[in-house]
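Q: Would you mind keeping the following structure in view while I ask a few things?
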Amino acid sequence: MNSKIINSIKQFVIAVLTIILALAVGAILVWISGNDPAEAYTTLFRGALGSKARISEVLVKMIPLTLMALGMSIAYKAQLWNIGANGQLTIGAILAILPGIYLGLPTVILLPLSLILSIVGGALWCGLAAWLKNRFNANEVITTLMLNYIATYFLAFLVYGPMMDPDGGGFPQSKVLPEAYHLPLFSAQMRIHGGIVVAIIVIIMMFFFWRTKLGVKIDLIGQGDKIATYAGVNVKKTVMVAMLISGALCGLAGWNEVYGVQYRLLEGLSSGYGDIATIIALLGGLNPLGIVIASFFFSALLVGGATMQRMTEVPYSVVDIIQGLVIVFVIARTAIHFGWPQKLLRKEKKDA
Amino acid sequence: MDNLAVSMQGITKIFNGVKANDNVDFNLRKGSIHGLLGENGAGKTTLMNILYGLYQQEAGDIYINGSKEEISSPIKAISLGIGMVHQHFMLARPMTVVENVMLGKKSRRGILLDTKETAAELKELADKYKMNIDPYSKIWQLSVGEQQRVEILTAIYQGADILILDEPTAVLTPQEAEVLFDMLRHMKADGKSIILITHKLEEIISIVDEVTVLRDGELIGSKLVDEHTTKEELTKMMVGRDVLFNFDKNKKAPGAVKVELKGLSASNDKGLPALTDFNLTVHEGEILGLAGVDGNGQKELCEVLTGLRKADGGQFLFKGKEVINQPPVFYINSGISHIPEDRMSTGLALNWSLKKNLIIKKFHKAPFLKYGLLNQKAIDAYWDKCQKEYQIKAISGEEHARALSGGNQQKVILARELDDHPEMVIANQPTRGLDIGASEYVRQKILDARNEGAAVLLVSADLEEILQLSDRIAVIYDGKIMGILPAGADTNTIGMLMMGHKQEEEA
Chain A
574 MNSKIINSIK QFVIAVLTII LALAVGAILV WISGNDPAEA YTTLFRGALG SKARISEVLV
634 KMIPLTLMAL GMSIAYKAQL WNIGANGQLT IGAILAILPG IYLGLPTVIL LPLSLILSIV
694 GGALWCGLAA WLKNRFNANE VITTLMLNYI ATYFLAFLVY GPMMDPDGGG FPQSKVLPEA
754 YHLPLFSAQM RIHGGIVVAI IVIIMMFFFW RTKLGVKIDL IGQGDKIATY AGVNVKKTVM
814 VAMLISGALC GLAGWNEVYG VQYRLLEGLS SGYGDIATII ALLGGLNPLG IVIASFFFSA
874 LLVGGATMQR MTEVPYSVVD IIQGLVIVFV IARTAIHFGW PQKLLRKEKK DA
Chain B
1355 MDNLAVSMQG ITKIFNGVKA NDNVDFNLRK GSIHGLLGEN GAGKTTLMNI LYGLYQQEAG
1415 DIYINGSKEE ISSPIKAISL GIGMVHQHFM LARPMTVVEN VMLGKKSRRG ILLDTKETAA
1475 ELKELADKYK MNIDPYSKIW QLSVGEQQRV EILTAIYQGA DILILDEPTA VLTPQEAEVL
1535 FDMLRHMKAD GKSIILITHK LEEIISIVDE VTVLRDGELI GSKLVDEHTT KEELTKMMVG
1595 RDVLFNFDKN KKAPGAVKVE LKGLSASNDK GLPALTDFNL TVHEGEILGL AGVDGNGQKE
1655 LCEVLTGLRK ADGGQFLFKG KEVINQPPVF YINSGISHIP EDRMSTGLAL NWSLKKNLII
1715 KKFHKAPFLK YGLLNQKAID AYWDKCQKEY QIKAISGEEH ARALSGGNQQ KVILARELDD
1775 HPEMVIANQP TRGLDIGASE YVRQKILDAR NEGAAVLLVS ADLEEILQLS DRIAVIYDGK
1835 IMGILPAGAD TNTIGMLMMG HKQEEEA
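Right under this line is the structure:
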């Protein structure tokens, strides 16, 4: 037990160091661009957490990011490199909005139905990559990435074509959902909406997930096909299930964006959340609590970065750079964590 | 000092605060074969890696042919005439022998390769030591024994007068080992000095002139080996206590037939036949030893019997029922335990805790799963029980399997595979890479399982192990059973069968 706690603390410290390092390098860049790093970061911090409304904005971003990062973590634990979160979110969102725009169902039926559709959409989109992997041994990195493009352009086709809002003045977006279907707001002044309840439920479920039979199986296939098969786990089936769940959570994030934030389909709906979710999942060490913390950090960075750009001379691209730096450090850390010292250890052991 | 090829004095090497070598002295006389004996983890390879320049010692001095040297890299070692043949061969498989030798060597023809010249020199050298190697054959076409000869040849070609061999016989048949030893005797006669790292006592007694024993990183002693040297005395030096070489087999009459294989055939990973018309029976309460050189279908056989590989045809009767080509979980549930050949990738999830590795096949069953969640209490309790019963040396059950020594890793697997009183045990190379103490333990546990009534299929390339444990001995060659012999059969007979010579042909 003790070593477990020490391990978690270690992971947390490393994650914090990663972020501090990224911020420090970011500060140098701000300074080079002729601005005051202290001022920039103060503005960024205030912009993210300076008021209730700001915090609400952070939470609004946190919902899809957390859902997707949790989804990613399930695939990653199985060593399945699903990087198709954007596409899965998009397909989930498209399926989810259809009944809202075209069917006119009562809200109590529509909301659960659309939620299920979003899950099915995301799951199938990711499941397709899993099927290709199982059937043809197609690398999921390639397939999920390619499926992103298909989803993105399919969405563009819809909002420029059959689903374009006739009264939208030619903007690439669909009709707005009737107000009755919008997820309830907690306060008229703030954008934080009922989707957070769904996110919290998912987070709680994820805290237990890795202790369930399925969770252990998924973890085990991540340890290698050989050991998993040896232990009696059906690897192909488990790959499929892990990818279905992974995609389902991304699809759910799509439902959340459509019914809680945008209320319509529009081009570029995923806003690249999927890529950030990937970083969050890794920075959070694939651990639900770590993911929630990392997701909070990134949401604050996104929201605060926008404010920083508005209030100071510092361009938003600094935020992108910080994100990029975090990726680099996370990868470096992953390499250190899983690669080099282990190899060294092995070497030493061999000689012993 | 003059007659010493190597003299290492007061060598200390520390890894992560642990002394792998603690003030070790080692002296190699010119023109002698020197055995370096010790259990796994005793520090033999560390000491030799220091000599070969792969590691730098924290303290101590090295003298080569009497002069003090700083061996900062293998290149330096080679220039001093030191060559090392590692346990795992460092050869490029798609390339020819001569190409491998030329790797990392400057060509005498500038930017052009001096393949012909080198090949001729190699051939000459190979003939001199009766190595029988064609410089133009590709590495992958060579047997393991031949590949080893290529490694030795390379070292000598590079000018090695001091040759370090790390467990050279671990991969060889008894006959191949004899060939190797003959070669080594030739080299010795030629004035070369040889260090043989090993934990096999027969080798020490049969070929070595002097032996140095290490234990836990410390020097236990050096002694000349003569006809009076006994295994028991060496073991005591190495292990620090007496070891039972003769197990009390407590032989009972075997029971009913538990496993019957009829006309089994299967392919290997390349799609080539690995088992053809394979027939075998194993009885309840019997250890059937399957002897054979690695790669003759043993692995495929074990995999077919545990559902990890599909058989192409034939019958697998388990307690009289046809059970061929079922999914692995079926065999697990039928009580067929499997101690796989490859601990590292098949037997253990290296990045999982030891506790979780113990329940890798039963996490979905009570008491380990309660209300749909892993029951940490039951898992902890099970670990405590197994750790005691199987004497697993670990700091805690949370430690990753990777962190353990080979012997302790194997104990974790034994605990998992034997604790549920299996109906059948398939043990594939169960003591490979383990030291004497751990091997003794593993063998005892396998005997215990047999005595409890399990049908045991013991697959091993280690003849001594087969002879010690088996109630009957089957020999596999090229995917077929060459013959079945009673316990205590003659090593030579088994060896001939292992090489593919049928008994009838001999007669």
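Quick mapping for you: the protein sequence lines, in order, are chains A and B.
Just add 573 to the spot in the first sequence (first one is 1) and you have the working numbering.
Just add 1354 to the spot in the second sequence (first one is 1) and you have the working numbering.
All C-beta atoms in this analysis are idealised placements derived from N, C-alpha and C, irrespective of residue type, glycine included.
Being a predicted model, the structure only gives us computed values, none of them experimental.
Measure the C-alpha to C-alpha separation of Gln-746/A and Arg-837/A and round it to an integer number of angstroms.
A: In the first sequence, counting from the first residue as 1, residue 746/A sits at position 173. In the first sequence, counting from the first residue as 1, residue 837/A sits at position 264. Looking at the two C-alpha atoms, the distance is approximately 7 Å.
Q: Given a threshold of 16 other Cβ atoms within 10 Å of its Cβ, counted over all protein chains shown, does Arg-1797/B qualify as buried or as exposed?
A: Residue numbering aside, residue 1797/B sits at position 443 when the second sequence is read from its first letter. It is buried - the Cβ of Arg-1797/B has at least 16 other Cβ atoms within 10 Å.
Q: Assuming Ile-1516/B and Ser-1547/B make a contact with CB atoms under 8 Å, what is their CB distance in whole Å?
A: For the purposes of this step, residue 1516/B is taken as residue 162 along the second sequence, with counting starting at 1. For the purposes of this step, residue 1547/B is taken as residue 193 along the second sequence, with counting starting at 1. Confirmed, about 5 Å.
Q: Given Val-903/A, which residues of its chain have a CB within under 7 Å of its CB, disregarding the five upstream and five downstream residues?
A: Within the first sequence, residue 903/A is the residue found at index 330, counting from 1. Excluding positions up to five away in sequence, the list reads Thr-591, Ile-852, Leu-855 and Leu-856.
Q: Distance check for Gly-607/A and Ala-600/A, CA to CA, integer angstroms please.
A: For the purposes of this step, residue 600/A is identified with residue 27 of the first sequence, where counting begins at 1. For the purposes of this step, residue 607/A is identified with residue 34 of the first sequence, where counting begins at 1. Their Cα atoms are separated by approximately 11 Å.
Q: Of the choices Leu-638/A, Glu-713/A, Pro-888/A and Gln-762/A, whose alpha-carbon is the least far from that of Phe-869/A?
A: Translated into the one-based positions of the first sequence, residue 869/A becomes position 296. For the residues Leu-638/A, Glu-713/A, Pro-888/A and Gln-762/A, the minimum Cα distance to Phe-869/A belongs to Leu-638/A.
Q: Counting C-beta neighbours from all protein chains within 10 Å, is the total for Gly-1849/B 16 or more, i.e. buried, or is it exposed?
A: Here residue 1849/B refers to the residue found at position 495 of the second sequence. Its Cβ being crowded by 16 or more others within 10 Å, Gly-1849/B is buried.
Q: Please decide whether Tyr-803/A counts as near chain B, where near means a Cβ-Cβ distance under 8 Å.
A: For the purposes of this step, residue 803/A is taken as residue 230 along the first sequence, with counting starting at 1. Cβ-Cβ to chain B under 8 Å: yes for Tyr-803/A.
Q: Between the segment 1828-1845 of chain B and the segment 1720-1727 of chain B, do three or more beta carbon pairs fall short of 8 Å?
A: Taking 8 Å as the limit for Cβ pairs, the verdict is that the segment 1720-1727 of chain B does not touch the segment 1828-1845 of chain B.
Q: Enumerate, from N- to C-terminal direction, the unbroken alpha helix (DSSP H) stretches of 4 or more residues contained entirely within the segment 860-889 of chain A.
A: Taking only runs of at least 4 residues, the alpha helix (DSSP H) segments lying wholly in the segment 860-889 of chain A are 861-884.
Q: What would DSSP say about Arg-1463/B, mapped onto helix, strand or coil?
A: On the second sequence, position 109 is the one that residue 1463/B refers to. Strand, per DSSP.
Q: Three-state secondary structure (DSSP) at Ser-687/A?
A: Sequence index remark: in the first sequence, residue 687/A carries index 114 (1-based). Helix.
Q: So, for Trp-1494/B: in the same chain, excluding its five sequence neighbours on each side, which residues have a beta-carbon less than 8 Å away from its beta-carbon?
A: Here residue 1494/B is taken as the residue at index 140 of the second sequence, counted from 1. For Trp-1494/B, where only same-chain residues beyond five positions count, the Cβ hits under 8 Å are Arg-1447 and Pro-1448.
Q: In whole angstroms, what separates the C-alpha of Gly-841/A from that of Gly-660/A?
A: Within the first sequence, numbered from 1, the residue matching residue 841/A stands at position 268. Within the first sequence, numbered from 1, the residue matching residue 660/A stands at position 87. Whole-angstrom Cα-Cα distance: 10 Å.
Q: Chain B beta carbons: is any one of them nearer than 8 Å to that of Lys-799/A?
A: Here residue 799/A refers to the residue found at position 226 of the first sequence. True, the Cβ-Cβ gap to chain B drops below 8 Å.
Q: Quickly, what does DSSP pair Ser-1426/B with across the bridge? List them, please.
A: On the second sequence, position 72 is the one that residue 1426/B refers to. DSSP output for Ser-1426/B lists no bridge partner at all.
Q: Cα separation between Ile-1416/B and Met-1362/B?
A: Position 62 of the second sequence, counting from 1, holds the residue named residue 1416/B. Position 8 of the second sequence, counting from 1, holds the residue named residue 1362/B. Roughly 4 Å separates the two Cα atoms.
Q: State the Cα-Cα distance for the pair Asp-1580/B and Lys-1542/B, rounded to the nearest angstrom.
A: Taking the first residue of the second sequence as 1, we reach residue 1580/B at position 226. Taking the first residue of the second sequence as 1, we reach residue 1542/B at position 188. Rounded to the nearest angstrom, the two C-alpha atoms are 17 Å apart.
Q: Got a sec: is the Cβ-Cβ distance from Gln-915/A to anything in chain B below 8 Å?
A: Residue mapping note: residue 915/A aligns to position 342 of the first sequence, counting from 1. Because Gln-915/A carries a pLDDT of 43, less than 50, the predicted location of this residue cannot be relied on, and the following value inherits that uncertainty. Yes, because at least one Cβ of chain B sits closer than 8 Å to the Cβ of Gln-915/A.
Q: Looking at the unbroken alpha helix (DSSP H) that takes in Tyr-1831/B, where does it start and where does it end?
A: Sequence index remark: in the second sequence, residue 1831/B carries index 477 (1-based). Not the alpha helix (DSSP H): Tyr-1831/B falls in the beta strand (DSSP E), residues 1826-1831.
Q: Classify Pro-1840/B as helix, strand or coil using the three-state DSSP reduction.
A: In the second sequence, residue 1840/B corresponds to position 486, counting from 1. Note: Pro-1840/B maps to strand in three-state DSSP.
Q: Could you say which of Lys-1709/B, Lys-1731/B and Gln-1730/B lies nearest to Ala-1748/B if we only look at CA atoms?
A: By one-based count along the second sequence, residue 1748/B stands at place 394. The option with the nearest alpha carbon to Ala-1748/B is Lys-1709/B.
Q: At the 8 Å Cβ level, is Pro-1840/B part of the contact set with chain A, yes or no?
A: Reading the second sequence from its first residue, position 486 is the one you call residue 1840/B. False, the Cβ-Cβ gap to chain A never drops below 8 Å.
Q: Any idea if Arg-919/A is buried or exposed, counting beta-carbon neighbours within 10 angstroms, 16 or more meaning buried?
A: Residue 919/A sits at position 346 when you count from the first residue of the first sequence. Note that Arg-919/A has pLDDT 44, beneath the 50 cutoff, so the model's placement of it is unreliable and no number is given.
Q: Please determine if the segment 1477-1495 of chain B and the segment 1410-1426 of chain B are in contact, where contact requires at least 3 C-beta pairs separated by less than 8 Å.
A: Not touching, per the Cβ criterion.
Q: What would DSSP say about Lys-1675/B, mapped onto helix, strand or coil?
A: Here residue 1675/B is taken as the residue at index 321 of the second sequence, counted from 1. Strand at Lys-1675/B.
Q: Going by alpha carbons, who is nearest to Glu-886/A out of Lys-748/A, Trp-604/A and Phe-782/A?
A: Locating residue 886/A in the first sequence gives position 313, where the first residue counts as 1. Out of Lys-748/A, Trp-604/A and Phe-782/A, Trp-604/A has the C-alpha closest to the C-alpha of Glu-886/A.
Q: When DSSP builds the beta bridges, which residues end up paired with Thr-1566/B?
A: For the purposes of this step, residue 1566/B is taken as the residue at position 212 of the second sequence. BP columns for Thr-1566/B point to Leu-1390/B and Ser-1576/B.
Q: Answer with buried or exposed for Ala-1645/B, where buried requires no fewer than 16 other C-beta atoms within 10 angstroms of its C-beta.
A: By one-based count along the second sequence, residue 1645/B stands at place 291. Under this definition Ala-1645/B is a buried residue.
Q: Is Gly-1726/B close to chain A, meaning its C-beta is less than 8 Å from at least one C-beta of that chain?
A: Your numbering for residue 1726/B matches position 372 in the second sequence. So yes, Gly-1726/B belongs to the interface.
Q: Let me see if you follow: with CB-CB separation under 8 Å, is Val-789/A close to chain B or not?
A: Here residue 789/A refers to the residue found at position 216 of the first sequence. Yes, its Cβ sits closer than 8 Å to a Cβ of chain B.
Q: Taking the beta carbon of Gly-1335/B as the centre, do at least 16 other beta carbons fall within 10 Å, making it buried, or is it exposed?
A: Any question about residue 1335/B goes unanswered here, given that chain B covers just 1355 to 1861.
Q: From the beta carbon of Gln-762/A, is the nearest beta carbon of chain B less than 8 Å away?
A: Residue mapping note: residue 762/A aligns to position 189 of the first sequence, counting from 1. Closer than 8 Å: no.
Q: Should the segment 1381-1399 of chain B be regarded as contacting the segment 1564-1580 of chain B, the criterion being three or more beta carbon pairs within less than 8 Å?
A: Short answer: they touch.
Q: Locate the alpha helix (DSSP H) running through Ala-1748/B, then write down its first and last residues.
A: By 1-based counting over the second sequence, the position of residue 1748/B is 394. Per DSSP, Ala-1748/B belongs to no alpha helix (DSSP H) and is neither H nor E.
Q: Hey, Gly-1392/B and His-1553/B are a contact pair by Cβ (cut 8 Å); roughly how many whole angstroms apart?
A: On the second sequence, position 38 is the one that residue 1392/B refers to. On the second sequence, position 199 is the one that residue 1553/B refers to. Indeed they touch by this definition, with Cβ atoms about 7 Å apart.
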